[in-house]
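Here the structure is laid out as structure tokens; the discussion comes afterwards.
This is the structure we're talking about:
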């Protein structure tokens, strides 16, 4: 997993048996938030930030998002 971020839909991530820092902080009574990109795997709910110790997550899972609105407006 070194050298590049995970891409959308890749069937891997940081192993579920590996504890992340927010999991340790939660046990100590801290509230944790993540804002930004999550490049650490998300092929199932178990790999998402909410299941890896973060109380809230506001961001996106892949390396980029489109900022354009692709709807057609008739005038």
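In the working numbering, the protein residues as written are 28 to 102. Each residue gets a CB set at the ideal place from its N, CA and C atoms; glycine is no exception.
Given residue 89 as reference, the closest of 83, 81, 82, 76 once Cα atoms are compared: 76
Backbone CA spacing between residue 45 and residue 71 [nearest angstrom]: 16 Å
Status (buried if at least 16 other CB within 10 Å, exposed otherwise) for residue 74: buried
Unbroken beta strand (DSSP E) run spanning residue 87, endpoints: 83-87
DSSP bridge partner residues for residue 104 (one or two, in chain order): Outside the displayed span of the chain (28 to 102) sits residue 104, for which this structure offers no information.
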